[in-house]
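Residue numbers for the sequence shown follow this note's numbering, so the first one is 7 and each next one is one higher. Even glycine gets a Cβ: it sits at the ideal position worked out from N, Cα and C. Note that the structure is a prediction, hence the values are computed from the model and not measured. Written out below as structure tokens is the structure these notes cover.
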Amino acid sequence: MTSEYSSQKDKILELETRKKIYNLVKEHAGCHFRDLERKSNLPASSIKYHLNYLAKYKLIQEEKDGNNIRYFPKEFNPENKNLLGLLRKKSLRDILLFILTNKNCSHSNIVNFTNLSPPTITWYLKN
7 MTSEYSSQKD KILELETRKK IYNLVKEHAG CHFRDLERKS NLPASSIKYH LNYLAKYKLI
67 QEEKDGNNIR YFPKEFNPEN KNLLGLLRKK SLRDILLFIL TNKNCSHSNI VNFTNLSPPT
127 ITWYLKN
């Protein structure tokens with residue numbers, strides 16, 4: 007990181023609200039807008055303004071995920087974005103954890119563990 011970039015970053019993060027939002031994005035990489043709203047206790051309009059500002063100056067990255075946008079710090083490893091996005095989905099995370107911790111698992115075992123319907127389990131496993 008160059009000193010010019012570092013000084014520009016410091017200048018951009020002078021505002022406490024912007025710095026708070028930036029730090030939340032760093033701590034919770036891949037979070038959605040509503041996550042930031044809940045964690046920051048700031049008005050949605052303020053969060054949106056500062057997210058746009060941070061993205062404009064390339065301190066954060068916005069990544070489209072279906073109907074949502076996920077926010078990542080600029081230096082976040084691109085290869086981990088998809089993985090993190092998948093792991094933030096509770097149902098899929100539960101299925102993966104069960105499979106990883108149980109050597110011999112069946113479809114019905116996964117259904118019982120997750121309390122999801124059999125077609126839902128099938129859909130997650132196919133996709």
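Local Cβ density within 10 Å of residue i, reported as buried at 16 or more and exposed below that
| i | result |
| --- | --- |
| Thr135 | The first residue shown for the chain is 7 and the last is 133, placing residue 135 beyond what the model contains. |
| His56 | buried |
| Leu21 | exposed |
| Arg76 | buried |
| Ala35 | buried |
From the options, residue whose alpha carbon lies closest to that of residue i
| i | options | result |
| --- | --- | --- |
| Asp100 | Gln67, Ile127, Lys54 | Ile127 |
| Asn29 | Ser52, Gly72, Pro79 | Pro79 |
| His38 | Lys87, Thr107, Phe104 | Lys87 |
| Lys15 | Gly91, Ile66, Ser46, Ile105 | Ile66 |
Test: residue i CB closer than 8 Å to a CB of chain B
| i | result |
| --- | --- |
| Gly72 | Of the protein chains in this structure there is only one, and it is not chain B. |
Cutoff 6 Å; reference residue i; Cβ partners in own chain excluding five residues on either side
| i | result |
| --- | --- |
| Lys32 | Pro79 |
| Arg24 | His56 |
Close-in-space but distant-in-sequence residues of the same chain around residue i (CB under 8 Å, 5 per side omitted)
| i | result |
| --- | --- |
| Ile27 | Leu42, Ser46, Leu48, Ile53, His56, Leu57, Leu60 |
Same chain, Cβ closer than 7 Å to residue i, five either side skipped, listed in chain order
| i | result |
| --- | --- |
| Glu68 | Ala61, Ile75, Tyr77 |
Does the region 46 to 64 come into contact with the region 88 to 107, if we say contact requires no fewer than three beta-carbon pairs (one atom in each stretch) closer than 8 Å?
Taking 8 Å as the limit for Cβ pairs, the verdict is that the region 88 to 107 does not touch the region 46 to 64.
Runs of alpha helix (DSSP H) lying entirely within the region 53 to 125, each at least 4 residues, in chain order
84 to 93, 96 to 107, 113 to 120
Alpha helix (DSSP H) runs contained entirely in the region 25 to 51, provided each spans 4 or more residues:
39 to 46
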